[in-house]
Structures are given as structure tokens and as C-alpha cells.
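**Student:**
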Amino acid sequence: MNVFIIGIGLIGGSFAKDIKRIMPESKIYGIDANDSHLEEAFALNLIDVKSSYEDLGVADMVIVSIPVDVLVTELPKILDAVNDDCVVFDGGSTKQLICKQLDSHPKRRNYLAAHPIAGTEFSGPSAAIEGLYEGKTNIICEVEKTAFKLQERALELFQKMGMRIRYMNPEAHDKHIAYVSHLSHISSFMLGKTVIEKEKNERDIFDMAGSGFESTVRLAKSSPAMWTPIFEQNKENVVETLEEYIQNLEEFKQMLLENDFDGIYNEMNSTNKIKEILNGIPLNKK
Numbered sequence: 009m010n011v012f013i014i015g016i017g018l019i020g021g022s023f024a025k026d027i028k029r030i031m032p033e034s035k036i037y038g039i040d041a042n043d044s045h046l047e048e049a050f051a052l053n054l055i056d057v058k059s060s061y062e063d064l065g066v067a068d069m070v071i072v073s074i075p076v077d078v079l080v081t082e083l084p085k086i087l088d089a090v091n092d093d094c095v096v097f098d099g100g101s102t103k104q105l106i107c108k109q110l111d112s113h114p115k116r117r118n119y120l121a122a123h124p125i126a127g128t129e130f131s132g133p134s135a136a137i138e139g140l141y142e143g144k145t146n147i148i149c150e151v152e153k154t155a156f157k158l159q160e161r162a163l164e165l166f167q168k169m170g171m172r173i174r175y176m177n178p179e180a181h182d183k184h185i186a187y188v189s190h191l192s193h194i195s196s197f198m199l200g201k202t203v204i205e206k207e208k209n210e211r212d213i214f215d216m217a218g219s220g221f222e223s224t225v226r227l228a229k230s231s232p233a234m235w236t237p238i239f240e241q242n243k244e245n246v247v248e249t250l251e252e253y254i255q256n257l258e259e260f261k262q263m264l265l266e267n268d269f270d271g272i273y274n275e276m277n278s279t280n281k282i283k284e285i286l287n288g289i290p291l292n293k294k
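Counting with my numbering, you get residues 9 to 294 for the letters of the sequence shown.
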């Protein structure tokens, strides 16, 4: 099988590692706007061939892992270039705008709207991790718009990689992902900003930072080039989650001002049930 990966960073590179392991007969072609990324991916043996859109006609599967603002413009071009028996799927963290953009494309049947919920705060080809997707959830949107035999090809890969498959419409996906992913990144970035502004002496931060701070602010190391377009595309849902989050922070602050420590205890105690919700979800660290 000829597999093309467009965007050879953490997400695309991790797909490449798993495909080489579970489908060793496949030939992996790499396409990336960053020439150094392409060279690095080739040197790391993530890809077999450095390629371009001109070669997409021979593709059996195309995996697109580029920022969501670029996805909106590039996916139509990619679909234009592939043959009728090729499945194209992405890993974008927003789905509503992308699905709307492709709704009337002549090759809409070749596209599978996917979002494997996995990653780390690192980026680039060297950040790729074998087994990154094992046990992780992959959200599929508008599956009924993808040709059945092409769905099967992609779903077989996902299952061999150990992903859990969930189906959702694009609107619901963007709303829910704002809570469980987008808000956590904003919180991390703003916590990092707050501490940096307060602690001008960076040495003090490094000396005093414990595991709690490190794990909470970890996502602030994520790529702004990737996350800014996500916030832009999902602005309405992100604003709604922020308003609720800010309200909870204000209520916590008020309880402190009123010395309502019983209330604070009860708030934290009731939130402890998050342990039951998250129990069993594997986390990747590097």
C-alpha cells in the first residue's frame, strides 16, 4: 500500500512509526512544507520517499496532519489530486469548518473526517512516538459521507493501532473538544504566563517548580502555530468554556475571601470524582 503522510511532525510521524510496524509492506511517502522536517523524517526512517502533491495519484491512503487553518485550504487540493480508490483522512482538532468546506467537493466520498485524541507538548519529526495512539480515542465525523470500502481501509488501520473509535457530528465534536482539550491548553498557557510575569527571576521558578506545576504547565510548551488556528476556528465554543471556567475561578476566589474553607473542601471533594472518569485512560509522556 502506498501511504502518503502530509505533515511529518509528532502526529504524522507517529502514524508512520505504527504503519511501519503493523504494515511493513507499505511504502511511506512524506510531504512537508518544511524541507528540514522532510530531511529529518527521512534520516529517522519515518518515510521511505520524499515526495510532493504531483505523486498523490498513486496513493492508496493519505494522512494529513497539518495546522487546521492550512487543512481548510489544502484538503480540497489533496482530494483533487488523489485517485478514486484512495482514502484521505486528517487529524485536525476542529471539524465543523473543515467538513463544511468539503461538503460539496466532487471527491467528498474519499475523505474521512478523523480526530485521534493523542499527542504530547513536543513537535517535529523527532517527537514521533511508536504506540502513541494505542488505547486512545479517535473521533470520526460524518462517516456516512465516506465510501464504505474506503472507511473500512482507514478503520482497519485504526483498529490495528489499538484506537477506540467513536462517532460524532462535527458540531458536537467541536463543542466537546473545547472542554476536554482546548480549555486545558489555554489554562496551561495562561498559568505559565502568570508565573513568568510574577517570577522575573527564572532561576527561582526552576528551583521551586514541583511535579504539580510541571504537569499543569506542560501544555504551554505546545506549538502556538498549531494552537492559534484551533482557537480561531473553534472560537465560539472556546469562549463559552472560558466563561464557565472563569466563573468557577471567581467563585473559588470568593470563598477564599469569605473564609469559606468548608465550601472549598466540598468543591474539591466533589471534583475528585474526575479520578473515576479518567481512570484507565493511558497517558503518553516523553
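Quick reminder that beta carbons are idealized off the backbone N, C-alpha and C, glycines included.
#1: Compare the C-alpha of residue 154 against each of 46, 45 and 87 and name the closest.
#2: Who pairs with residue 97 in a beta bridge, going by DSSP?
#3: Which residues mark the beginning and the end of the beta strand (DSSP E) in which residue 35 is found?
#4: Mapping the DSSP letters down to three states, classify residue 141 as helix, strand or coil.
#5: At what residues does the alpha helix (DSSP H) containing residue 175 begin and finish?
#6: Enumerate in chain order the residues of its own chain whose CB-to-CB distance from residue 109 is below 6 Å, with the five nearest sequence positions on each side excluded.
#7: Does DSSP classify residue 58 as helix, strand or coil?
#8: Could you tell me the distance, in whole angstroms, from the CA atom of residue 98 to the CA atom of residue 64?
#9: Let's test the definition: count the other Cβ atoms within 10 Å of the Cβ of residue 53 and tell me whether it reaches 16, buried, or not, exposed.
#10: How many Å lie between residue 248 and residue 224 at the Cα?
#11: Answer yes or no: do residue 103 and residue 181 have a C-beta to C-beta separation smaller than 8 Å?
#12: When the Cβ atoms of the stretch 230-246 are set against those of the stretch 135-146, are three or more pairs found closer than 8 Å?
#13: Looking at residue 176: is its Cβ nearer than 8 Å to the Cβ of residue 149?
#14: Identify every residue that forms a DSSP beta bridge with residue 12.
#15: If residue 152 and residue 230 are in contact, beta carbons under 8 Å, what's the gap, nearest whole angstrom?
#16: May I ask which residues mark the beginning and end of the alpha helix (DSSP H) holding residue 108?
#17: Rounded to whole angstroms, what is the Cα-Cα separation between residue 3 and residue 253?
#18: Can the beta-carbon of residue 17 be found less than 8 Å from the beta-carbon of residue 60?
#19: Quick one: is residue 37 buried, meaning 16 or more other Cβ sit within 10 Å of its Cβ, or exposed?
#20: For residue 197, which residues in the same chain have their Cβ closer than 6 Å to its Cβ, ignoring the five residues on either side in sequence?
#21: Can you name, in chain order, every residue of its own chain whose Cβ lies under 8 Å from the Cβ of residue 120, other than the five neighbours on each side?
#22: Rounded to whole angstroms, what's the CA-CA distance from residue 250 to residue 66? Just pull it up for me.
#23: To the nearest angstrom, report how far apart residue 272 and residue 131 are at their CA atoms.
#24: Let me confirm a value: residue 293 is counted as buried when at least 16 other C-beta atoms fall within 10 Å, else exposed. Which label applies?
#25: Just the Cα atoms here: how many angstroms apart are residue 25 and residue 234?
#26: From residue 31 to residue 164, what distance separates their C-alpha atoms?
#27: Residue range of the alpha helix (DSSP H) that residue 238 falls in?
#28: Can you tell which of 101, 126 and 47 has the C-alpha that lies nearest to the C-alpha of residue 172?
#29: Identify every residue that forms a DSSP beta bridge with residue 146.
#30: By DSSP, does residue 21 sit in helix, in strand, or in coil?
**Tutor:** Concretely, from the data shown:
#1: Checking every option, the nearest Cα to that of residue 154 belongs to 87.
#2: Beta-bridge pairing links residue 97 to 71 and 120.
#3: Counted as a single uninterrupted DSSP element, the beta strand (DSSP E) harbouring residue 35 occupies residues 35-39.
#4: DSSP places residue 141 outside both helix and strand once states are collapsed to three, so it counts as coil.
#5: Careful: residue 175 lies outside any alpha helix (DSSP H), inside the beta strand (DSSP E) at 172-176.
#6: So the list reads 80, once near-sequence residues are dropped.
#7: It is a strand residue.
#8: Roughly 15 Å between the two C-alpha positions.
#9: So residue 53 ends up on the exposed side.
#10: Rounded to the nearest angstrom, the two C-alpha atoms are 22 Å apart.
#11: Result yes, Cβ atoms of residue 103 and residue 181 sit closer than 8 Å.
#12: As far as the Cβ criterion goes, the stretch 230-246 does not touch the stretch 135-146, which means the pair count is below three.
#13: Going by C-beta atoms, residue 176 is nearer than 8 Å to residue 149.
#14: Answer is 37 and 70, bridged to residue 12.
#15: For a cut-off of 8 Å, the C-beta gap from residue 152 to residue 230 is around 33 Å, too long to register as a contact.
#16: From DSSP, the alpha helix (DSSP H) with residue 108 extends over 104-110.
#17: Outside the modelled stretch of the chain, which goes from 9 to 294, sits residue 3, for which no answer is possible.
#18: For the 8 Å CB-CB criterion, residue 17 and residue 60 do not form a contact.
#19: So residue 37 ends up on the buried side.
#20: Hits under 6 Å: 228.
#21: Closer than 8 Å at the Cβ level, and outside the excluded window around residue 120, lie 95, 96, 97, 148, 151, 154, 158, 159 and 162.
#22: The straight-line gap from Cα to Cα measures roughly 45 Å.
#23: Roughly 38 Å separates the two Cα atoms.
#24: Reliability fails at residue 293, whose pLDDT of 44 lies under 50, so the model's placement of it is uncertain and the value that follows must be treated cautiously. Using a 10 angstroms sphere on the CB of residue 293, the tally of other CB atoms stays under 16, which defines it as exposed.
#25: Just so you know, the alpha carbons of residue 25 and residue 234 end up roughly 22 Å apart.
#26: Within the model, the alpha-carbon separation for residue 31 versus residue 164 is close to 11 Å.
#27: It spans 232-241 - the alpha helix (DSSP H) in which residue 238 sits, taken as one unbroken run.
#28: Measuring from the Cα of residue 172, the nearest candidate turns out to be 126.
#29: Answer is 124 and 173.
#30: Helix at residue 21.
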